[in-house]
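Asker: Can you read through this structure? Questions will come right after.
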DNA sequence: TATTTTGCGTACCGTACGGTACGGTTCGCA
DNA sequence: TGCGAACCGTACCGTACGGTACGCAAAATA
């Protein structure tokens, strides 16, 4: 039910058949479960109850399949719009803390980790195609949300910074530190999440100390 | 000449023959050049002018070779001891800026990026063996240097923090942000280094704002 | 109902890799 | 000089993957 719904939305966002979305969902499951080695065309076909010929017809080749997986997964992410009116110190802090929590959630997600591992592994041999795609479709989205929030804070005279990008970089670093890399290297994601989630408020405090207009 | 000397020191640190060190050096070159796909046993043997049989004799199997490469590479890193006496605000700042620059240098190095990509790619399929090894031999080393510096700053009443680990995490996040991940995903390392190096001083300023005893 | 389309299942091909075996050669040593 | 260890180069084997081709069933269309 939930999976089917996800498949629907993700497929709709990428302009694909519902069936094709279901196939991509199975492929993502395979990737999460067994890494890149498990993402074979035969394996995907078997897991999704379709033929290899259909895979090549729909996605071109293996790289096309992977690209479709990234785009499809990115289509599932929905950024929450922030109401910029009536922003107070407390509400800004709450929004920042919520954003930090969502950021940690996204980065520690199984599918996100698997796709990042896949793109990083591919990055060395053939340009940065998948890496750029992942960056574009994934990070840009949540980055826009952060930029909007930060700009709203600045307009409300609650934040002070030169550029939103730089301030976002600071916030990102304070929240994430090296958590993402450690998870990518195989450290237990849920354990690391438990370690970093409580630090989200401290990170936001530090960010406000650095960029809060009151301080 | 330089390579030979590196091979000597790296091999000595890992308890290997000079010849074996040279082989690992060629293997690292192959990995940097062409990624994991280029790191085949036949390719290493050809590039290093040795036989596959010797490779298996020395390193066991392909994973043993990779582990040896990580340990060998880590053996080349030498941490600089910091003189903790007579630490002033200015000298502490200089030390922190120097540390930040070295951190960026290490993370943006060709070999470091290639090994991290390899370990991340391997992380999904078989535990976190290589990831742990890389973390242990690589990050721990520079982390110890940071911890020593931070503790010295605290003893000199120039820094205030709860635990050195947490403070190091803050410093790391401020300096690195998402630079490492972006490089791992294939963004041009030298360009990113140029972008982040000037920010090292700002990052240290921010860190001192957060943890400086004077502020 | 006849026909076209779609797609599943399977078999197949070429290639490339990890790992092993073997003949020939160099080098240290008695 | 004779011997053994180490090692290079190459050939070989089993496996697994990406990609293609084919036979056949089911659904859609006329």
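Protein chains in written order, with our numbering: chain Y, 29 to 243; chain U, 29 to 243.
Don't be surprised by glycine CBs; every beta carbon is placed ideally from N, CA and C.
Looking at chain Y, is there any beta carbon in it that lies within less than 8 Å of the beta carbon of residue 218(U)?
Answerer: It does not: the Cβ of residue 218(U) has no partner Cβ on chain Y nearer than 8 Å.
Asker: Give the DSSP-derived three-state secondary structure of residue 63(U) in the structure shown.
Answerer: Under the three-state reduction of DSSP, residue 63(U) is assigned to coil, being neither helix nor strand.
Asker: CA-CA distance, residue 141(U) and residue 224(Y)?
Answerer: Roughly 25 Å separates the two Cα atoms.
Asker: Helix, strand or coil for residue 187(U)? Go by DSSP, reduced to three states.
Answerer: Strand at residue 187(U).
Asker: Which whole-angstrom value is the C-beta distance of residue 153(U) and residue 74(Y), which I expect to be below 8 Å?
Answerer: That belief does not hold up - the Cβ atoms of residue 153(U) and residue 74(Y) are roughly 18 Å apart, past 8 Å.
Asker: So, does the CB of residue 132(Y) fall closer than 8 Å to a CB anywhere in chain U?
Answerer: Not an interface residue.
Asker: Are residue 51(Y) and residue 125(Y) touching if we call contact CB-CB under 8 Å?
Answerer: no
Asker: Taking the DSSP output, what are the residues bridged to residue 240(Y)?
Answerer: 187(Y)
Asker: Check whether the region 176-186 of chain Y touches the region 171-190 of chain U, taking contact to mean three or more Cβ pairs, one atom from each stretch, closer than 8 Å.
Answerer: A contact is defined here as three or more CB-CB pairs under 8 Å, and the region 176-186 of chain Y fails this definition with respect to the region 171-190 of chain U.
Asker: Quick check on DSSP: helix, strand or coil for residue 193(U)?
Answerer: helix
Asker: Determine whether the Cβ of residue 148(U) lies closer than 8 Å to any Cβ atom of chain Y.
Answerer: Yes, its Cβ sits closer than 8 Å to a Cβ of chain Y.
Asker: At the level of alpha carbons, what is the spacing between residue 160(Y) and residue 76(Y)?
Answerer: 28 Å
Asker: Can you look up residue 177(Y) in the DSSP assignment and give me helix, strand or coil?
Answerer: helix
Asker: Run through chain Y and tell me which residues come within less than 7 Å of residue 200(U), C-beta to C-beta.
Answerer: 205 and 206
Asker: Roughly how far, in whole angstroms, is the beta-carbon of residue 143(Y) from the beta-carbon of residue 169(Y), given that I think they are within contact range, below 8 Å?
Answerer: Their Cβ separation, rounded to whole angstroms, is 14 Å, which puts residue 143(Y) and residue 169(Y) out of contact at 8 Å.
Asker: Suppose you measure from the CA of residue 78(U) to the CA of residue 68(U); what does that come to, to the nearest Å?
Answerer: 13 Å
Asker: Do residue 202(U) and residue 198(Y) come within 8 Å of each other at the CB atom, strictly closer than that value?
Answerer: yes
Asker: On the criterion of 16 or more Cβ atoms from any shown chain inside 10 Å, does residue 210(Y) qualify as buried, or is it exposed?
Answerer: When all chains shown are included, residue 210(Y) counts as buried.
Asker: With a threshold of 7 Å on Cβ separation, who are the neighbours of residue 221(Y) within its own chain once the five nearest residues in sequence on each side are excluded?
Answerer: 132 and 136
Asker: Excluding the 5 residues flanking residue 166(U) on each side, which residues of the same chain have their C-beta closer than 6 Å to its C-beta?
Answerer: 102
Asker: Can you tell me which of the three DSSP states residue 30(Y) falls into?
Answerer: Note on residue 30(Y): pLDDT 39, under 50, position unreliable in the model; the coordinate value appears next. If DSSP states are grouped into helix, strand and coil, residue 30(Y) belongs with the helices.
Asker: Residue 237(U) versus chain Y: which residues are under 8 Å apart at the beta carbon?
Answerer: 237 and 238
Asker: Please list the terminal residues of the continuous alpha helix (DSSP H) segment that includes residue 327(Y).
Answerer: Residue 327(Y) lies beyond the residue range present for chain Y, which begins at 29 and ends at 243; the question has no answer from this structure.
Asker: With distances taken Cα to Cα, identify the nearest neighbour of residue 96(U) among 134(U), 45(U) and 121(U).
Answerer: 45(U)
Asker: Have a look at 241(Y), 240(Y), 234(Y) and 239(Y) and flag the residue whose alpha-carbon is nearest the alpha-carbon of residue 239(U).
Answerer: Taking only the C-alpha atoms, the option nearest residue 239(U) is 234(Y).
Asker: Residues of the region 163-178 of chain U with a CB closer than 9 Å to any CB of chain Y: list them in chain order, please.
Answerer: 163 and 167
Asker: Between which two residues does the alpha helix (DSSP H) carrying residue 152(Y) extend?
Answerer: Here residue 152(Y) belongs to no alpha helix (DSSP H), and DSSP marks it neither H nor E.
Asker: Starting from the Cα of residue 214(U), find the closest Cα among 111(Y), 107(Y), 215(Y) and 164(Y) and give me that residue.
Answerer: 164(Y)
Asker: Helix, strand or coil: how does DSSP classify residue 77(Y) here?
Answerer: In this structure, residue 77(Y) counts as coil in the three-state DSSP scheme.
Asker: When you compare the CB of residue 62(Y) with every CB in chain U, is at least one pair closer than 8 Å?
Answerer: yes
Asker: Since residue 137(U) meets chain Y, which of its residues come closer than 8 Å, beta carbon to beta carbon?
Answerer: At a C-beta separation below 8 Å, residue 137(U) has no neighbours in chain Y, since its nearest C-beta there lies roughly 14 Å away.
Asker: I need the straight-line Cα distance from residue 63(U) to residue 186(U), nearest angstrom please.
Answerer: 44 Å
Asker: Mapping the DSSP letters down to three states, classify residue 45(Y) as helix, strand or coil.
Answerer: Note: residue 45(Y) maps to coil in three-state DSSP.
Asker: Along the region 83-97 of chain Y, what residues have a CB closer than 9 Å to any CB found in chain U?
Answerer: Answer set for the region 83-97 of chain Y: empty.
Asker: At a Cβ threshold of 8 Å, is residue 142(U) touching chain Y?
Answerer: Interface flag for residue 142(U) against chain Y is set, since a Cβ pair is found closer than 8 Å.
Asker: Once the 5 residues before and after residue 189(Y) are set aside, which same chain residues still bring their CB inside 6 Å of it?
Answerer: 195 and 239
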